[in-house]
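**Student:** Questions regarding the structure given below will be posed in turn.
There are 4 protein chains.
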Amino acid sequence: MVKGRVCLAYSGGLDTSTILKWLIEEGYQVVCFLADVGQDEPWKQVEEKALKIGAEKMVILDLKKEFVEELCFRAIQCNASYEGTYLLGTSLARPVIARAQIKVAIENNCDSVSHGCTGKGNDQVRFELAFYTLQPTIKVIAPWRLPEFCEKFKGRQDLLEYAAEHGIPVTSTKAKPWSMDANLAHCSYEAGILEDPDKTPPEDVWTMTQSPQKAPDAPVDITIHFEKGIPVKVVTPEKSYTDSVELFIALNKLGFEHGIGRIDIVENRFIGLKSRGCYDSPAMTILRDAHRDLEGLVMDTAVRALRDQFVTHSWSYQLYNGMYFSPEREFTENSLVFSQRRVNGAVRLQLYKGGVYVLGRSSATEKLYSEEEASMDTLDNFSPMDTTGFIAIQSIRLKKYGLQKAEEGANLART
Amino acid sequence: MVKGRVCLAYSGGLDTSTILKWLIEEGYQVVCFLADVGQDEPWKQVEEKALKIGAEKMVILDLKKEFVEELCFRAIQCNASYEGTYLLGTSLARPVIARAQIKVAIENNCDSVSHGCTGKGNDQVRFELAFYTLQPTIKVIAPWRLPEFCEKFKGRQDLLEYAAEHGIPVTSTKAKPWSMDANLAHCSYEAGILEDPDKTPPEDVWTMTQSPQKAPDAPVDITIHFEKGIPVKVVTPEKSYTDSVELFIALNKLGFEHGIGRIDIVENRFIGLKSRGCYDSPAMTILRDAHRDLEGLVMDTAVRALRDQFVTHSWSYQLYNGMYFSPEREFTENSLVFSQRRVNGAVRLQLYKGGVYVLGRSSATEKLYSEEEASMDTLDNFSPMDTTGFIAIQSIRLKKYGLQKAEEGANLART
Amino acid sequence: MVKGRVCLAYSGGLDTSTILKWLIEEGYQVVCFLADVGQDEPWKQVEEKALKIGAEKMVILDLKKEFVEELCFRAIQCNASYEGTYLLGTSLARPVIARAQIKVAIENNCDSVSHGCTGKGNDQVRFELAFYTLQPTIKVIAPWRLPEFCEKFKGRQDLLEYAAEHGIPVTSTKAKPWSMDANLAHCSYEAGILEDPDKTPPEDVWTMTQSPQKAPDAPVDITIHFEKGIPVKVVTPEKSYTDSVELFIALNKLGFEHGIGRIDIVENRFIGLKSRGCYDSPAMTILRDAHRDLEGLVMDTAVRALRDQFVTHSWSYQLYNGMYFSPEREFTENSLVFSQRRVNGAVRLQLYKGGVYVLGRSSATEKLYSEEEASMDTLDNFSPMDTTGFIAIQSIRLKKYGLQKAEEGANLART
Amino acid sequence: MVKGRVCLAYSGGLDTSTILKWLIEEGYQVVCFLADVGQDEPWKQVEEKALKIGAEKMVILDLKKEFVEELCFRAIQCNASYEGTYLLGTSLARPVIARAQIKVAIENNCDSVSHGCTGKGNDQVRFELAFYTLQPTIKVIAPWRLPEFCEKFKGRQDLLEYAAEHGIPVTSTKAKPWSMDANLAHCSYEAGILEDPDKTPPEDVWTMTQSPQKAPDAPVDITIHFEKGIPVKVVTPEKSYTDSVELFIALNKLGFEHGIGRIDIVENRFIGLKSRGCYDSPAMTILRDAHRDLEGLVMDTAVRALRDQFVTHSWSYQLYNGMYFSPEREFTENSLVFSQRRVNGAVRLQLYKGGVYVLGRSSATEKLYSEEEASMDTLDNFSPMDTTGFIAIQSIRLKKYGLQKAEEGANLART
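Chains as they are written, first to last, in the UniProt record's numbering: chain A, 1 to 415; chain B, 1 to 415; chain C, 1 to 415; chain D, 1 to 415.
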C-alpha cells in the first residue's frame, strides 16, 4: 500500500538513514534531499547510500550563494545576534534549506516532507514553520515526535540494530559524544558531554577554528569593503576577493587560522528550555565586527539607535525562532535594508590569536564624520555658547526632579 | 571686588591651572576639587600647585568605592554598552565626580562650580546636568564656552604664555598629541592625531593594557562569582579578592597583563557630532563578559529579552548622555536591579592575548537550567507530541501569510 | 472505578453541566468551583444544580476585592489596552479565578482541574498557563479539546439531548445567538451572529451600558482622586465612594446610565486567529481616561515615554496572552508600580451620552506643572536665548542630513 | 543700510505686524509669507496690510493638498498620537509651512527667515529645525528670543503703542484671553486663562466643533474606504467624496456638527516644560478611529505589535519634536508605509454627540479574518488537540517560575 511520496531531508547519517528505511517500510515513496550550505559531506556516498536504502531519488542542491547573500549578509547588515552573543549560524541556514526542500517536494510531487530533528530542539520548529508557510497544504512527518517511532527507537542501540537488520551501512567511526551541525556560517556543537554547562569543551570539539593558542604569532591585516552594508571586497595580504561565496570562504579560512569566532553559551530555546551550545563562526565574527565599526563612521545616530533597539533585536529573535518566512521578518527586514543605504566604506582589521582588532575605517562617499568639526581644537562653524543653551534647556526638567527628590527627603548629593 | 566663591574641578594640568588663575583675576575666590576615581595623579603636587596659584583650598576625595559599587557594578549588571561597543568608562565616572564636587561646593559655601571641559564634548553636558539637578540654584562657569575666555586663549601657546606671565609651573614633559582621561573603569584617548579615524593608534597610546602581542604565552584561568548580578569574588591562581575595589583593581591588572579590553570606535556624541575614541577597559570587559554569560544560565528568557531591549539600551544611553541624575535613569535602574535578583553563580574564564574565553559556568542556587530536560537523549517530563501542537498553532497565522504572498504573486519558495 | 478528584470551573450553564456529568460518568469525583468576580448569577441555584448533578461540593468564592485591587487597578495604573483598544476585561479576571480554583483544588485534594473553555479561544490558554505555574504538578482536563468528548458532543443539540437523558435541568430561556462573559470590568460578547465583522451588534447585545442615545440629556460631573495611580475616591453629585469595590461599582452604574465604554473590534487571539469581540467596560473606561489625564499633569515626560512604550505595551500583551503568573509580568509590573509613585491628584470629568470629557485636573502634592513657567507671558527663570542654543545643537546633525539629501539629488524643499 | 532680505512668516496679527515693521526699521527688506493650511483668514486684507506696513511682497501659498496627503494621511496610517492623546494637529502643519517658507525665501533671494513664535514653545523648534535642514546656510531671526526685541516689547501694551506710533492697523476685536492656531487638522487653544489646568475651557473656546450637547439628536452613519491605509472615499448619507482635501473638509464639517474630537490635556513640550493644551480635531479623530479599526481586520498581529510599539511611538514623537526633516523620520516612515500595503477595506461608523462608533468593517481583498476559522462552532482545519501542545510547551518555562517562587517562599496561589 503506497501512502504517498515524501521528501526527506537526508544526511546519510544513522538517524536519517533509519528514517528513510522506516518511511519506506511504512509505505511511503521517498525522495531524499540534501542541501549544500557549505558543510563537508561525502556527497557521492550519501547519494549512493540513499539509493541503496531505497530512495527513489536523491537531490543535492548547492545553496551556498543564496545562503551567503540572502541570509548571512543580511545578518551582517543587521549586526544580528541572539541574546547578545550567538551569531545565529544554524538559524540562518534553515530558511534556505527549507525553501529548497519544499521546491524539491513540489517538483517531485511529494505531498509530505520529513526530517530527522529531535522533539526538543529549535530546528524542528524552524523547518516546519517554513514548510507550512511556503506550502500551507504540505504534510510534515516528524518521526522523532511520533509515539510509534520513539517507542521503536529508544536509543542509539536500537538504531544500530535496525541498521544491521536492514542492511543500512553504518560508518565505523565512533560517534563523537556531542552532536554537530556545520554550514558556511558556523559549526554548532551541543548535547552529549556538552550538556554539563560547567564542562569546558575539549579542544577537539572545534572544527572551524584552530585554538587561539595554536594560531600564528604574526597577526594578519585585512581590509573589508562594504556597499550598502554588504561586504563587496575582502583584501588580504595575498589576494582580493569580490565574489560573495569566495570572500566568505576566504574569511572562514583566515578565521580558522587565527582562531576567531568561538563562543560557548547557555541559550534559551524557543520552546522554553535552556540549552548549552558551542559555536565557531569565523567569517561571521570578522564581518560583523567590521560592519558594526563602519556604521559608527557613516550612520546617523538616531537611526542607529532605532535600528539597534528594534530591528537588530527583532530580526535576531525572528530568525532564532524560525520566523524567517513571516510577515514580521519581512517588515523588519524592509527597515533593515533601508537603514543600510549609506553604509559604504572600508574597515581595516587585524586578526590575531582569537581577536579581531579594528585598525581604522574610511569612506570615500560618506561625510557624516568630519575631522574639522569633531576636533576639539577648532571652533569653525561651532558656537560653544550654543551648548550653554542646550544644557540649560535640558536642565529645566532635571532641576524639577532634583527639587522633587529633595522634597522627598532623598538627598541626591549624598555620597 | 569679590564676585563669589567657585568650586573648580582642578587637575593640576595647564588648562585648569590657567582657569584657576583666570578665575582669581576675575575676582572669584576658588576652592579646588579633585576626585580620586582611580587615576594616577601626583596628588600632593596638585594640591601644592593649586595653593601656589592662589586657591583658598584644595579638596581631594577618594571616590573609588562609590564609583565601583554604584556605577561600574551597575553597568555590569546591565551589560551596558553605548552603540554596542563602548563600555561607558568616562560616563560612569562623571556622576560620582559631579556629586562630590557639589558636596564640596555646598560645604565650602560656593555659589558656583567651574570645570575645564571643552565646548564640543560630552563631559560638559554630563557635569552640568548633574550640577543643576543636584543643586538647582548653582551657577556654572564654563570658561571654554565664554567668549571672553576663548578669545583670550586661542591655543596652547596662549596658555603657555599666560602660565609663564603668572608664574604657573608647567611640567616640562611634552604634551602627547592626543588627550587622555583615566579612571578605574578605563582610560580614554581622543583628539589630536586620533581625529583621523583611519589612523591606527600608535602602540604608546594605550596605558591600561599592554599589547595582546606582548601578553604572556600562557593563558590564565580565573573564576568570578556573582550575587544578584554583582561580582562578589574573583579567584585568580594566586589569590582571591572579595573587596569591591580590590577585585576591580586585580582584574585591571590581569587585563593589563593579557591585553584585554581595547576598543577603537567612531561614536556619536550627545551634541550631534561624530568623534573617534579609543578606550581600554580591562576589568569592565572581563566582568561584562562573565556577567552576560551567567545570565544565560540563570535568567528567564522573556525577562532577559525585555531587559536587553529596554533596560540595557536605555540605561546605556542615559549614562552616555549625562542623564544619570534623572527620573528616567532612576526608573530604568529600578527595573535593572529587579532583573538581577537571581543572577547568582560563578563563571570560569580564560584570559589569553587580548581575549576572554568562557570555560564554564555554574550556580549553586539557580535551577532554570536542567541537564536532564535539555538533554536530547531523554524524554522524561517532556512529550514531543506537544511540540507538534505548538508548531501547528504557530503556523495558523503563517499559513495565511504564505497564501497572501502567493496571491500577491510572490513565490516565497523561489530560490 | 474512581480516577481521582477534579476541581471543575462550573457556571451552571449547559456546557459545564454536561462536563460535570460526563466527568462523573468517566469516574471522577468532582468539586465544583465558581468565582464571583462581580457577574450576576443565581448563586444558590447554581450550587443546587451542581449538587443535583452529582458534584461532591460546590465552592463559591467572592473574588471581587482582589479582582478590583490587584488586577483592574493595575490595569488603570498601566493605561492598559490590547491593540490600542481592548481594555482586557476578560484577561484581567482570569488570573484571580485561576488562582482561586487552584486553591480550592488544593484544599479539596483534587489532582486535576477542569474547565469548559473551547479549543480555539484565549481563555483555555490563560487558565491553563496559570494552573501550571501555580501548581506545576496539576493535571488539566479540557473536555473541549478531548477527541472523545468532541466526538460525543458535536453541537448544542447533542448537549440538550444528553441533558435530557441525564436529568440535567436546562433553563428554558432561549440561548442568545452569541456568547457572553461578565465580570466587574466588562461584559464580552462574541461568536454566533457577531462573527460577521460587518454586522452591527443588535442593541440588546449590550448589558453593562445602555445606548448612548438613551442616556440622559443632562451630563453628570464627577471627580476621581488618585494616590500612586490608584483610584482612592470617586465623588459624584450624590455621594462619595472610597471603598475599592464600591467605587468601581458606582462607576459601572454611572457608566451604564451614560452609555460609556462600548467597543467593537476585530482582535488577534494568542493562538493566531482573528476574532470579533464586543465589550462594554464602563468603570474601566472612565478610570483609564482619568488616570491617563492625571499623568499628563504629574509624570515626568521621559519616564512616561519609557513607560508607554515598554511597560504599557508589554503588560497589556502579557495579560492578554495569559502570562499573568510569569517572570516577565512580575518584572514589568515592578516598573509599572515604580512609575506611579507620584501619580497623585484629582481629575474632574463629565459623562455625557457615551463620552468621557475631562473638565480639569489638579494635584495638591505634585509640582512638575507650573503655571508661571508654562506661561507664554512671563520669562522669569527662563532665558529664551537658551532655546537658540538648544536648536543650534540639535541642528548640527540635521544640517548634515540636509546636505546628504541634497547630494543624493533629493530636494527636501520640493513641494 | 540694508542688512539683507528676510522671509517673514506673516499672519496679519499684531505680533507679526510689529515684527515686520521692526525688521524694516532694523534695515531689512522683508518678503512676507503666509501658508494656507486650511485656516480661515482674510487673505486679501493680510496682503494689503503687509504691503502697507512696508513688505516688498506678500506670498500666499495654498498648501492644503500636500498638508492633507503628505502629513495628515501619514498620521492616520500611523494611528499617530503624542502621549496617547494629542493628534499632532500643529506638529503636522509645521513641516509643510517651513518647507514652503524656505522655498519662498530661496525664490526671493532671502538669506534669512523670521517668525513670530515665542521662546518657550514647540513651534520655534519645529520651524527652525526644518529651516536648517532644508537650507543649512539659512539665517534665522527669532525676535521673541532676541534680548533687544524682548526688552522693547514687554507686553501687549507695548505692541499696541508701537502699532499706533507706526500706523499699523489693529483690528478692533478684543483679543481672546487665550491663543489659537488653526489648520485643517485641528485648532489649538492654549495660554492665557487656559494655563490653569483645572479650569474647564469656556464653551466659546472651541471653533471646529460644536458642543456635543448641541449636536443633533439623530446620529449619522458614514463609511470610510481605505487603500493602503489611506482614506480614499468617504460616503455620507448625502454625498461621496474621493478628493483628499474635499473628503477631509467634509469630515471636519460632519465632526463639527456632531461635536467630535475635542481634547484637553497637559502635555510635555520638547523643551521640558509642561503645558496645557486644548484641541479639536474632527476629521483626524474620525479617520484615526476608522483606520485603527480596519487594521484589526486586515493586519498581521505580529506586524501590528511591532508597528504600534516602535513606528507609531517613534513617528509621533518625531513629529511632535520637530524632527520631520530628519533621517529618523524618513527611516520610521519607510516602515510605516511598508506596514500599510494591505490595509484595504471599508469601515462603517456612526457619529453621535461627541462619539465615533464603529458599526462594522469589511475588506473585499484581505482575507486574514475568516469567519469559519474564528467560529467557536466549527473545527474544520483546526485540531483543538494542537492547543494542548501549544499550552504545554509554553508552560515549560512557567512551571519553573512557579517552582522558583515556591522555593522563595512566595506562594503565588495566595489570595
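Every residue, glycine too, gets a C-beta built ideally from N, C-alpha and C.
Answer yes or no: do A:ILE224 and A:LEU88 have a C-beta to C-beta separation smaller than 9 Å?
**Tutor:** no
**Student:** Do you know offhand how far A:SER17's Cα is from A:LYS3's?
**Tutor:** Distance between the alpha carbons of A:SER17 and A:LYS3 is about 19 Å.
**Student:** When we look at the beta-carbon of A:GLY38 and count the other beta-carbons within 10 Å, is it buried (16 or more) or exposed?
**Tutor:** buried
**Student:** For the beta strand (DSSP E) containing A:VAL234, list its first residue and its last residue.
**Tutor:** Run containing A:VAL234: 230-235, per the beta strand (DSSP E) assignment.
**Student:** So A:CYS7 is in the beta strand (DSSP E); what residue range does that whole segment cover?
**Tutor:** 4-9
**Student:** Distance check for C:LEU194 and residue 418 of chain D, CA to CA, integer angstroms please.
**Tutor:** Because chain D here runs from 1 to 415, residue 418 of chain D falls outside it and cannot be looked at.
**Student:** Along the stretch 328-355 of chain B, what residues have a CB closer than 8 Å to any CB found in chain C?
**Tutor:** GLU328, PHE331, THR332, ASN334, SER335, PHE338, SER339
**Student:** Buried or exposed for D:ARG156, please, with buried defined as at least 16 other CB atoms from any protein chain shown within 10 angstroms of its CB.
**Tutor:** Under this definition D:ARG156 is an exposed residue.
**Student:** If you draw a straight line from the alpha carbon of B:ILE230 to that of B:TYR324, how long is it in whole angstroms?
**Tutor:** 19 Å
**Student:** Kindly indicate which three-state DSSP category A:PHE189 falls into: helix, strand or coil?
**Tutor:** Rather than Phe, the amino acid found at residue 189 of chain A in this sequence is Tyr. Strand at A:TYR189.
**Student:** If we call anything under 9 Å between Cβ atoms a contact, is D:VAL113 one with D:CYS7?
**Tutor:** yes
**Student:** Once the 5 residues before and after D:PHE226 are set aside, which same chain residues still bring their CB inside 8 Å of it?
**Tutor:** Contacts found: VAL232, ALA290, HIS291, LEU294, VAL343, ASN344, GLY345, ALA346, VAL347.
**Student:** Could you give the distance in angstroms between the alpha-carbon of D:ILE102 and the alpha-carbon of C:LEU403?
**Tutor:** Distance between the alpha carbons of D:ILE102 and C:LEU403: 15 Å.
**Student:** What ranges does the beta strand (DSSP E) occupy inside the stretch 42-81 of chain C, keeping only unbroken runs of at least 3 residues that lie completely in it?
**Tutor:** 57-62
**Student:** Got a sec: is the Cβ-Cβ distance from B:HIS313 to anything in chain A below 9 Å?
**Tutor:** Yes, its Cβ sits closer than 9 Å to a Cβ of chain A.
**Student:** Among the candidates C:ALA305, C:GLY296, C:LEU134, whose CA atom is the shortest distance from the CA of D:ALA410?
**Tutor:** C:LEU134
**Student:** With H, G and I counted as helix, E and B as strand and the rest as coil, what does DSSP make of B:LYS214?
**Tutor:** helix
**Student:** With C:LEU247 and C:LYS64 assumed to form a contact (beta carbons below 8 Å), what rounded beta-carbon distance in angstroms separates them?
**Tutor:** C:LEU247 to C:LYS64, Cβ: 12 Å. No contact.
**Student:** Report yes or no: is there a C-beta of chain C within less than 9 Å of the C-beta of B:GLY229?
**Tutor:** no
**Student:** So with CB distances below 8 Å, who are the chain B contacts of A:GLU195?
**Tutor:** GLU371, ALA374, SER375
**Student:** Give the DSSP-derived three-state secondary structure of C:ASP221 in the structure shown.
**Tutor:** Strand, per DSSP.
**Student:** Quick check on C:ILE260: does DSSP put it in helix, strand or coil?
**Tutor:** Looking at C:ILE260 - three-state DSSP - the assignment turns out to be coil, as it is neither helix nor strand.
**Student:** Check the Cβ of B:LEU273 against every Cβ in chain C and list those closer than 9 Å, keeping chain order.
**Tutor:** ILE396, ARG397
**Student:** Pick helix, strand or coil for B:TYR241, following the three-state DSSP scheme.
**Tutor:** strand
**Student:** Return yes when the Cβ of C:ALA80 is within less than 9 Å of the Cβ of C:LEU319, no when it is not.
**Tutor:** yes
**Student:** Once you ignore the five residues that flank C:SER244 on each side, which residues in its own chain have a CB closer than 6 Å to its CB?
**Tutor:** Shown here for C:SER244: same chain residues with a beta carbon closer than 6 Å to its own, the five before and five after excluded, namely VAL68, GLU69 in chain order.
**Student:** Can B:PRO282 and B:GLY322 be called in contact, C-beta distance under 9 Å?
**Tutor:** No, the pair does not count as a contact, with Cβ atoms beyond the cut-off.
**Student:** Please confirm whether A:GLN124 has its beta-carbon closer than 9 Å to some beta-carbon of chain C.
**Tutor:** no
**Student:** Restricting to Cα atoms, I'd like to know which of D:LYS44, D:GLY54, D:ALA142 is closest to D:ARG126.
**Tutor:** D:ALA142
**Student:** Cβ closer than 8 Å: which chain B residues qualify as neighbours of C:LEU306?
**Tutor:** Under the 8 Å cutoff, chain B gives PHE310, SER314, GLU328, PHE331, THR332.
**Student:** Can you grab the Cα-Cα spacing for the pair C:ALA392 / C:ALA302, in whole Å?
**Tutor:** 22 Å
**Student:** Which chain D residues are close to A:VAL303, counting only those with a beta carbon under 7 Å from its beta carbon?
**Tutor:** PRO327, GLU328, PHE331
**Student:** Which chain B residues sit within Cβ distance under 7 Å of D:LYS400?
**Tutor:** LEU368
**Student:** Pop quiz: C:LEU146 and C:PHE153 are said to be a contact at Cβ under 8 Å. What is the actual Cβ separation, rounded to whole angstroms?
**Tutor:** Actually they are not in contact, since the Cβ atoms of C:LEU146 and C:PHE153 sit about 10 Å apart, beyond 8 Å.
**Student:** Using CA atoms only, rank isn't needed, just tell me which of C:VAL46, C:TYR132, C:GLU151, C:LYS52 is closest to D:MET385.
**Tutor:** C:GLU151
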